[in-house]
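*Asks:*
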Amino acid sequence: MPNSLDLDRRPQDTRVVVAMSGGVDSSVTAALLKAEGYDVVGVTLQLYDHGAATHRKGACCAGQDIYDARSVAERIGIPHYVLDYESRFKEAVIDRFAQSYIHGETPVPCVECNMSIKFHDLLNTARELGADVLATGHYVASRPLPGGGRGLFRAREEERDQSYFLFGTTREQLELLRFPLGERAKAETRELARQFGLAVADKHDSQDICFVPTGHYAEIIERLKPGAAEAGEIVDRDGRVLGSHSGIIHYTVGQRRGLGVATGSPLYVVRLDAERRQVVVGPREALRMSRISLRDVNWIGDGRIDEVLADDRREVFVKVRSTRPPQAAWLTAANGGYEVELVDGEHGVSPGQACVFYDAPEGQARVLGGGFIKSALAAADAAPQRDEAFAAMRG
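For the sequence shown, the working numbering gives the first residue as 619, with consecutive numbering after it.
1) On a CA-only basis, which of S824, L740, V634, V974 is nearest A753? Give me that one, please.
2) Secondary structure at Q971, three-state DSSP: helix, strand or coil?
3) So, with DSSP's three-state summary, where would you put S622?
4) May I ask which residues mark the beginning and end of the beta strand (DSSP E) holding F990?
5) Can you tell me the Cα-Cα spacing of T787 and M733, whole angstroms?
6) Run through DSSP, which three-state label would D702 get?
7) Using the three-state DSSP reduction, which class does V871 fall into: helix, strand or coil?
8) Going by C-alpha distance, which of A972, E980, G989 is nearest T724?
9) With DSSP as the reference, please indicate the residues paired to Y666 in a beta bridge.
10) Can you tell me which of G681, R706, D683, Y719 puts its alpha carbon nearest to the alpha carbon of K843?
11) What three-state label does DSSP hand N732 in the structure shown?
12) Determine, using beta carbons only, whether E933 and W948 come nearer to each other than 9 Å.
13) Excluding the 5 residues preceding and the 5 following F975 in the sequence, name in chain order all residues of the same chain whose CB lies nearer than 6 Å to its CB.
14) Around the C-beta of D702, are 16 or more other C-beta atoms found within 10 angstroms, so that it is buried, or is it exposed?
15) Nearest by alpha-carbon distance to R895: which of E654, A710, G641, V859 is it?
16) Go to L770, then tell me how far its beta strand (DSSP E) extends in each direction, as first and last residue.
17) Would you tell me roughly how many angstroms separate the C-alpha atoms of M619 and Y656, rounded to the nearest one?
18) Going by C-alpha to C-alpha distance, which of P979, A637, F990, T950 sits closest to D914?
19) Enumerate, from N- to C-terminal direction, the unbroken beta strand (DSSP E) stretches of 3 or more residues contained entirely within the segment 837-889.
20) I'd like to check one pair, Y869 with L885: are the Cβ atoms closer than 9 Å?
21) Locate the alpha helix (DSSP H) running through F715, then write down its first and last residues.
22) Taking I735 and R693 to be in contact with their CB atoms under 8 Å, please state how far apart those CB atoms are, rounded to whole angstroms.
23) Between I712, A716, E704, A648, which lies nearest to H698 when the distance is taken from Cα to Cα?
24) Taking only the alpha-carbon atoms, compute the straight-line gap between D820 and E806 and give it to the nearest angstrom.
25) Can you tell me where the alpha helix (DSSP H) holding R745 begins and where it ends?
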């Protein structure tokens, strides 16, 4: 009979490496597995040395967090290792983050960290430690599929769901990954932390990007890439100059405040032209996009994506921002890549963000994969393809 991690062996014969960030979620994950009798090993990644961030609420992966993870490991009686991943993290996450902003994108470094560091490098380390599985404190569910393999599903508690950040997980990785909190609510997790006597029971959740504890992205980018903040023009969609700016890295698509131009009606950033160093602004309706071109698509639905899309487009539900609900869309193979056409359009679609596919609009929908947004076409400019098929989706 399989154990709680879906492995056919006794818990005491199953080694589990737990990625411990020092927060309440990963701490409870480790404590739960230890209480069930698993052979648990805690691992914390030293990702950066950020001085001022080490004691700031809402910052993760810093000195205090390593101390907290070590304390929890001692409390529950498991071995704990701190691994220095600073150079790898800078190369794979921080430098790419800066470069993406310079190119006028709005990157999601947590996705890159999961893909490059946690579920690649750390998973390899877990194997070296003799682990049968790697467990994390993410709020996402993993379950066996009827035809074999494992699927990724949204968390039970919708407002805690982190599946958007994990779309890049591969099928092979899912075989070795487990997410024990996916079927629990956050309140349950904190109550379990108190029952286990963990000092982190009431610790604040991390809210900022860990290497940008102040929330001021431009400061980090300018320090990493001197000269990145080149001045340029603020223009309307017809190219008329409305003002100037001190660098496109200070702006994101959808931004309204801080533009420094006035035309009598609200203006929003609708596009960033890195080549011309222009911030293009327009009315809110100009933010509504219908067609999205994707890059680096990862498919973890049934079959191979090329086979799934060989004869027709696929109905999916997509999230283009982590905080937005899934929207009805069509996924197609086009122009040597993949495109998503949104049934009702979406505001503020930004290159660099993730577009994640689900098989249902609500509940614990299965994650089918996703990709990064390469470009988006405004609703008014998209080819008119919302016909009977769209009506059928709504119906």
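Here a beta-carbon is modelled for each residue, glycine too, at the ideal position from N, C-alpha and C.
Nothing here was measured: the structure is a model prediction, and the numbers come from that model.
*Replies:* In brief:
1) In the sequence shown, the residue the question calls residue 753 occupies position 135. Among S824, L740, V634, V974, the Cα nearest to that of A753 belongs to V634.
2) As a first step, residue 971 is located in the sequence shown; it is residue number 353 there, counting from the start. It is coil, neither helix nor strand.
3) As a working note, residue 622 is residue 4 in the sequence shown. If DSSP states are grouped into helix, strand and coil, S622 belongs with coil.
4) Locating residue 990 in the sequence shown gives position 372, where the first residue counts as 1. From DSSP, the beta strand (DSSP E) with F990 extends over 984-996.
5) Residue 787 sits at position 169 when you count from the first residue of the sequence shown. Residue 733 sits at position 115 when you count from the first residue of the sequence shown. Rounded to the nearest angstrom, the two C-alpha atoms are 7 Å apart.
6) Within the sequence shown, the letter at position 84 stands for residue 702. In the structure shown, D702 sits in a strand (DSSP, three-state: E or B).
7) Residue mapping note: residue 871 aligns to position 253 of the sequence shown, counting from 1. Coil at V871, not helix or strand.
8) Taking the first residue of the sequence shown as 1, we reach residue 724 at position 106. Checking every option, the nearest Cα to that of T724 belongs to A972.
9) In the sequence shown, counting from the first residue as 1, residue 666 sits at position 48. For Y666, which the question treats as bridged, DSSP gives no partner whatsoever.
10) The count along the sequence shown starts at 1 and reaches residue 843 at position 225. Nearest option by C-alpha distance: Y719.
11) What you label residue 732 is simply residue 114 of the sequence shown in a count that begins at 1. N732: helix per DSSP, three-state reduction.
12) The sequence position of residue 933 within the sequence shown is 315, counting from 1. The sequence position of residue 948 within the sequence shown is 330, counting from 1. Yes. Within cutoff.
13) Counting from 1 along the sequence shown, the entry for residue 975 is found at position 357. Excluding positions up to five away in sequence, the list reads V934, V936, L986, G987, G988.
14) Residue mapping note: residue 702 aligns to position 84 of the sequence shown, counting from 1. By the neighbour-count rule (16 or more Cβ atoms within 10 Å), D702 is not buried but exposed.
15) Walking along the sequence shown from the start, residue 895 turns up at place 277. With distances taken between Cα atoms, R895 lies closest to V859.
16) If you number the sequence shown from 1, residue 770 lands on position 152. Looking at the DSSP string, the run of the beta strand (DSSP E) that includes L770 is 768-772.
17) Position 1 of the sequence shown, counted from the start, is the residue given in the question as residue 619. Position 38 of the sequence shown, counted from the start, is the residue given in the question as residue 656. Spanning the two alpha carbons is a distance of roughly 16 Å.
18) Against the sequence shown, residue 914 aligns to sequence position 296. Cα-wise, what sits closest to D914 is F990.
19) 850-854, 859-863
20) For the purposes of this step, residue 885 is taken as residue 267 along the sequence shown, with counting starting at 1. For the purposes of this step, residue 869 is taken as residue 251 along the sequence shown, with counting starting at 1. Result no, Cβ atoms of L885 and Y869 do not sit closer than 9 Å.
21) Counted from its first residue, the sequence shown places residue 715 at position 97. Residues 713-720.
22) Translated into positions along the sequence shown, residue 735 becomes position 117. Translated into positions along the sequence shown, residue 693 becomes position 75. About 26 Å separates the two Cβ atoms, so there is no contact after all.
23) Looking up residue 698 in the sequence shown gives position 80. Ranking I712, A716, E704, A648 by Cα distance to H698 puts A648 first.
24) Translated into positions along the sequence shown, residue 820 becomes position 202. Translated into positions along the sequence shown, residue 806 becomes position 188. Approximately 12 Å, taken between the alpha carbons.
25) Indexing the sequence shown from 1 puts residue 745 at position 127. Taken as a continuous stretch (DSSP letters only), the alpha helix (DSSP H) holding R745 covers 740-746.
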